[in-house]
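Those letters in the sequence shown? Residues 49 to 376, per this note's numbering, in order.
Have a look at the structure below, then the notes.
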Amino acid sequence: MRLLTMIAGVLALLYGGYWLVASRSVEAAVRAEVERLSAAGLGSAAEVRLEGFPSRFDLTFEAPEVLDRSGLTGWRAPFLQVFALAYQPNHVIVVWPNEQEVMLAGLPLAVTSADMRASAVVAGTDIALDHMTYVAKDLRLSPPDGAGIGLGEARLATRRAPALDNGHDLGVALLGLTPDPALRATLDPGGTLPDSLDWLRLDAGLAFDRPIDRFAGAGDGPRVTAVDLREVSLRWGTLSLEGKGRVAADSAGLAEGRIDLVARDWRRLVALATQAGMVKPELAPTFEAMLDQIDAADGDPDALRAPLVWKDGRTRLGPIPLGPAPRF
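In structure tokens form, the structure reads like this:
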């Protein structure tokens, strides 16, 4: 019994020593990164603390802030917490506060949520992302005028996709999306649609030009070079839009490929696009007449089926030219 007690004591001392050495290493690395960002004008934190002895590494950033080089896009919050088990430091959990602020193109947006957290697993000395999940509940983004966009729940998940170059599978689900009142009044002035979208879902494989790892923040970061779209789906009352296909960057970096779309109650979609300014009012009748021809050709009166095609630097919806192809 005395021998077992001695062994347990030695193991406890060794483990305690490991935690102290590892925690100091982690804290030093994090502080160095915060100082680097601060010197570059890209971020800061009022304080960095590491706690959790003996079984966890609990990092707390007080008043963290991140900015891009222009200073027009960024994020700040009262705090940010990062947790990891001491015996599994490659699996981290991030918890955001209920109130944050995001700045997009100089416009500040207040972000509130009932819960927002993410879990990520990394691998190797380069700390390459293996898989992650993100969940936010009762999310709301509000500009200074007090209106904004509401979201019942947002879910995002990724995992490595070995079949693609530096690939990751991506799944996104947005449930109960409530548009900004001004935007809703523009899209649906008659109030004929429900207050919230039923869902917006995405299931895709993404290829990148380099790995998502600890070097990803250098330069412009990893860029998407191809998208295998297994499903994109949107439903808002009687409106629905579905699509699948593949798009990749051509030699000039422009989109090339095809996505097959299926739209239901599509005439209302045209009306909404016109009211939102996406289609010029004088062109709407011509646009709808061309879509009518596509609809008649596929033999299904309940749905419009048309390919969205990017080729030779141009974009087409069926036979309808839409303009230049986007750049990856």
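Glycine residues also receive a C-beta, built at the ideal position from the N, C-alpha and C atoms.
Item	Value
For N138, verify whether its CB is less than 7 Å away from any heavy atom of the ligand GDP.	Looking for the ligand GDP in the displayed structure turns up nothing, as the structure carries no ligands at all.
To the nearest angstrom, report how far apart S71 and A300 are at their CA atoms.	47 Å
What residue does the beta strand (DSSP E) around L157 start on, and which one ends it?	155 to 160
Under the rule that 16 or more other beta-carbon atoms within 10 Å means buried, what is L59, buried or exposed?	Residue confidence for L59 is low, a pLDDT of 43 falling below 50, so the modelled location carries little weight; the figure read from the coordinates is stated next. Per the 10 Å Cβ criterion, exposed.
If you check the beta carbons only, do P259 and A176 fall under 8 Å apart?	yes
Give me the Cα-Cα distance between P329 and T160, rounded to the nearest whole angstrom.	37 Å
Starting from the C-beta of L302, find all residues in its chain whose C-beta is less than 6 Å away, skip the five residues before and the five after it, and write them out in chain order.	G361, A373, R375
How big is the Cα-Cα spacing for R207 and T334?	44 Å
D174: which of D116, F263, A211, V318 sits nearest, CA to CA?	F263
Can you give me the C-alpha to C-alpha distance between L277 and W144, rounded to a whole angstrom?	30 Å
Go through the segment 140 to 219 residue by residue and report every complete run of the beta strand (DSSP E) that reaches 3 residues or more, in order.	147 to 152, 155 to 160, 163 to 171, 176 to 190, 197 to 209
What is the DSSP secondary structure of L277, counted as helix, strand or coil?	strand
Could you tell me if E99 is buried or exposed, where buried requires 16 or more neighbouring beta carbons within 10 angstroms of its beta carbon?	exposed
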